[in-house]
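Everything on this sheet refers to the single structure shown next.
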Amino acid sequence: ETGVTQTPRHLVMGMTNKKSLKCEQHLGHNAMYWYKQSAKKPLELMFVYNFKEQTENNSVPSRFSPECPNSSHLFLHLHTLQPEDSALYLCASSQTSGSGYEQYFGPGTRLTVT
Amino acid sequence: EDQVTQSPEALRLQEGESSSLNCSYTVSGLRGLFWYRQDPGKGPEFLFTLYSAGEEKEKERLKATLTKKESFLHITAPKPEDSATYLCAVQAAGYQLIWGAGTKLIIKP
């Protein structure tokens, strides 16, 4: 595997389900990110981890819970979601979360909440 | 307030017809401006980073330029495979990337 991988690629879940999204980066980076992408809207940063420590939480509802066990893996735990949470969820990584480092993205998980 | 605006929202060109995409920004303390390409159903793919006004970078048919207020992505003699959504993001003093909504480029053969 190379780059940034995400599983599953597609997920349909009911509002009462609990599921998790997984991200793995094979680039030797130290920072990882979760973004939400909705149609025709800018990417929304959700969480940032730098050297396994959470450094940003952009007022994300508690029904989204991130976990970063090491610098290569990132999870997003989902529970009691709302239909408006349907979107493409993107994981990214960079050398660190500091200045000037480009981020590399995974293919995303297309989430549909019914 | 830090802001990034991309224009046009969509652009249709004939194959070989050169044009430019615009990314205008208002941020305090620019630390970098990033261009990405995104194909349908995929994550954004990194293209360029520009750090200071006057800087230019090229890759195949793409050339990115930067001024103190905006960046242009010039596409020379585009081909259908250049069709994608092009995203611009700016990194300011707070280190987070501030993203534009993107320009959807369609190149017709």
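Protein sequences, first through last, are from chains A and B.
Heads up, the first sequence is in the working numbering, so the first residue is 1 and it goes up one at a time.
Heads up, the second sequence is in the working numbering, so the first residue is 1001 and it goes up one at a time.
Yeah, the Cβ is synthetic: ideal placement off N, Cα and C, and Gly gets one too.
These numbers come from a predicted model, not from an experiment.
query, result
"Neighbour flag for residue 1016(B) against chain A, beta carbons, 7 Å", "no"
"Span of the beta strand (DSSP E), counted from its first residue to its last, around residue 115(A)", "One cannot answer for residue 115(A) here, as it falls past the ends of chain A, which runs 1 to 114."
"Cβ distance (whole Å) where residue 66(A) is taken to contact residue 74(A) below 8 Å", "7 Å"
"Contact list for residue 1100(B) against chain A, beta-carbon separation under 7 Å", "42"
"Residue 1030(B) and residue 1050(B) closer than 7 Å at C-beta", "no"
"Where residue 4(A) falls, given that 16 or more other Cβ within 10 Å makes a residue buried", "buried"
"Other residues of its chain near residue 1063(B): CB distance less than 6 Å, five sequence neighbours each side excluded", "1074"
"Where the beta strand (DSSP E) containing residue 63(A) begins and where it ends", "Unbroken run through residue 63(A): none, as it is neither H nor E."
"Partners in chain B for residue 45(A), counting only beta-carbon separations shorter than 8 Å", "1096, 1097"
"Contact check, residue 107(A) vs residue 6(A), beta carbons under 7 Å", "yes"
"Meets three-Cβ-pair contact criterion under 8 Å: the segment 1068-1087 of chain B and the segment 1018-1033 of chain B", "yes"
"Amino acids of chain B, ordered along the chain, whose beta-carbon sits closer than 8 Å to that of residue 97(A)", "1095"
"Any C-beta of chain B under 7 Å from that of residue 102(A)", "yes"
"Pair within 7 Å by beta-carbon distance, residue 101(A) and residue 93(A)", "no"
"Minimum Cβ-Cβ distance from residue 3(A) to chain B less than 7 Å", "no"
"Cross-chain neighbours of residue 1042(B) in chain A, by beta carbon under 8 Å", "107, 108"
"Delimiting residues of the beta strand (DSSP E) encompassing residue 1059(B)", "1056-1059"
"Span of the beta strand (DSSP E), counted from its first residue to its last, around residue 19(A)", "18-25"
"Collapsed DSSP secondary structure at residue 1081(B) in the structure displayed", "helix"
"Distance CB(residue 1113(B))-CB(residue 1026(B)) smaller than 7 Å", "No answer is possible for residue 1113(B): the residues shown for chain B start at 1001 and end at 1109."
"Interface positions of the segment 1019-1051 of chain B facing chain A (Cβ-Cβ less than 7 Å), listed along the chain", "1031, 1032, 1034, 1042, 1043, 1044, 1046, 1049, 1051"
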